[in-house]
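Okay, structure first, notes after.
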Amino acid sequence: MNRPTPMLVAGLLSLSAVSIRAQAPNVAATQEIERLRGTFAMVSGQADGADLPATMTRAMKRVAEGNVTTVTMAGQLYMKATFTVDPAASPKTIDYDMTGGFTAGKKQLGLYRMSGDTVTFCFGSPGGERPRDLQSRAGSGVTCSVWRRESP
């Protein structure tokens, strides 16, 4: 019977270690997507450094199921997207592939921070670059919003 050579065994062990490491980020991302799940109400928002009107923020709802999020304003579709996250990045990153609303067909790159039942998102313009931090400045094209969980 042929016995595996030490080199073959080392190679297989090395491949197993790489496979385990490659799966770890996927597990972390899946867990983070689960944390973002639920119904959220907008608390505040800024676009290009200017506060969004209170009438708008009070009307906004975000519902996330799995890796799909839908935002409505006064019950009407505002945007819908599938999303991916990288919770290992600092700050954490989130990427939207827009599937509904006025930005459908575009990609939007963002950052986020979650603390308890509150999540802050900052996104660059559709098709634009990812923001450098969690702030919206005049002329930046960055939109930031703060959301509070209403239900899981």
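For the record, in the sequence shown the residue sitting at position 68 is 117 according to our numbering, with numbers rising by one throughout.
No residue lacks a Cβ here, since even glycine has one placed at the ideal position from N, Cα and C.
Item to complete: Please go through the same chain and pick out, in chain order, the residues whose beta-carbon is closer than 6 Å to the beta-carbon of Thr133, but skip the five residues on each side of it.
Response: Closer than 6 Å at the Cβ level, and outside the excluded window around Thr133, lie Asp144.
Worksheet item: Taking just the CA atoms, how far does Cys193 sit from Thr131?
Response: Using only the alpha carbons, I get a separation of about 18 Å.
Practice prompt. Note the first and the last residue of the continuous beta strand (DSSP E) segment covering Thr142.
Written response: Taken as a continuous stretch (DSSP letters only), the beta strand (DSSP E) holding Thr142 covers 141 to 150.
Worksheet item: Can you name the residues that DSSP bridges to Ser48?
Response: Only positions 50 to 201 of the chain appear in the structure, and residue 48 is not among them; the question remains open.
Item to complete: Report the three-state DSSP secondary structure of Glu178 (helix, strand or coil).
Response: Three-state DSSP puts Glu178 in coil, outside helix and strand.
Worksheet entry | Backbone CA spacing between Val195 and Cys171 [nearest angstrom] | Rounded to the nearest angstrom, the two C-alpha atoms are 9 Å apart.
Worksheet item: Residue ranges of each beta strand (DSSP E) run of no fewer than 3 residues wholly in the segment 92 to 137, ordered along the chain?
Response: Those beta strand (DSSP E) runs which fall completely within the segment 92 to 137 and span 3+ residues are 109 to 114, 117 to 122, 125 to 135.
Worksheet item: Taking buried to mean at least 16 other C-beta atoms within 10 Å of its own C-beta, is Gln157 buried or exposed?
Response: By the C-beta density criterion, Gln157 is buried, having at least 16 other C-beta atoms within 10 angstroms.
Discussion item. At the level of alpha carbons, what is the spacing between Lys110 and Val168?
Written reply: Approximately 13 Å, taken between the alpha carbons.
Worksheet item: Given Gly177, which residues of its chain have a CB within under 7 Å of its CB, disregarding the five upstream and five downstream residues?
Response: By the criterion of a C-beta distance shorter than 7 Å, Gly177 is surrounded in its chain by Gly190, once the five residues flanking it on both sides are discounted.
Item to complete: Classify Gln184 as buried or exposed, calling it buried when 16 or more other Cβ atoms lie within 10 Å of its own Cβ.
Response: Looking at its Cβ environment, which holds fewer than 16 other Cβ atoms inside 10 Å, Gln184 is exposed.
Fill in: Residue span of the beta strand (DSSP E) that contains Gln157, given as start and end
From DSSP, the beta strand (DSSP E) with Gln157 extends over 156 to 164.
Practice prompt. Below 8 Å CB to CB, which residues in the same chain sit around Arg162 once its five sequence neighbours on both sides are set aside?
Written response: Counting only Cβ-Cβ distances below 8 Å, and skipping sequence neighbours, we find Pro140, Lys141, Val168, Thr169, Leu183.
Worksheet item: Whose CA, out of Gly98, Ala96, Ala113, lies closest to the CA of Arg197?
Response: Ranking Gly98, Ala96, Ala113 by CA distance to the CA of Arg197 puts Ala113 first.
Worksheet item: Exposed or buried, what is Gln80 when buried is set at 16 or more other beta-carbons lying within 10 Å of its beta-carbon?
Response: Gln80 should be labelled exposed.
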